[in-house]
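Residue numbers (the numbering used here): 4 to 144.
We treat Cβ as the ideally placed atom computed from N, Cα and C, and that holds for glycine.
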């Protein structure tokens, strides 16, 4: 029988020091543990976060304590998302998808400016539309 996992929000953000952090939703009260990951890139922070998750799982089980298995819903700030996906999504390509100037996107990546909530929504909506479009791609063979 498969155990149902809890779905828990985790947030990844770029700090003022240029480092990235991943942390659990502060309103999360169902877990008997807390975890945090950090790194010099979004990818490094996410890997550290999952490493901490595995460490706490092992530690609690060794101590005979309960442990809730979790599926994380990782949510990004714009800088962290752009950093994490920079190997496959160029700023030039994102400009075409979102309509936001790549220079401005670069300012978001570097943390020089923060996007307004309307801009964040525009980026998110544009990426979701791209995802739907890509999900409809079919190749003939």
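Secondary structure of residue i, DSSP reduced to three states
i	result
residue 64	helix
residue 4	Per-residue confidence for residue 4 stands at a pLDDT of 43, beneath the threshold of 50, marking its modelled position as unreliable; no derived number is given.
residue 139	coil
residue 120	helix
residue 130	helix
residue 102	coil
residue 112	helix
residue 2	The question about residue 2 has no answer, for the chain in this structure spans 4 to 144.
Spatial distance of residue i from residue j (CA atoms)
i	j	result
residue 99	residue 16	24 Å
residue 12	residue 135	23 Å
residue 53	residue 20	22 Å
residue 38	residue 119	29 Å
residue 62	residue 28	22 Å
residue 47	residue 83	11 Å
residue 137	residue 131	10 Å
residue 125	residue 102	9 Å
residue 14	residue 89	18 Å
residue 36	residue 78	20 Å
residue 129	residue 30	29 Å
7 Å CB neighbourhood of residue i in its chain, flanking five on each side removed
i	result
residue 4	Only weak support is given to the placement of residue 4: the predicted model assigns it a pLDDT of 43, under 50, and the question is left unresolved by the model.
residue 33	9, 71
residue 51	40, 41, 42
Same chain, Cβ closer than 6 Å to residue i, neighbours up to 5 away in sequence not counted
i	result
residue 144	none
Spatial neighbours of residue i in its chain, beta-carbon cut-off 8 Å, leaving aside the 5 residues before and after
i	result
residue 44	23, 86, 87
residue 123	81
3-residue-minimum beta strand (DSSP E) runs that sit fully inside the segment 6 to 90, ordered along the chain: 9 to 17, 23 to 27, 39 to 42, 73 to 79
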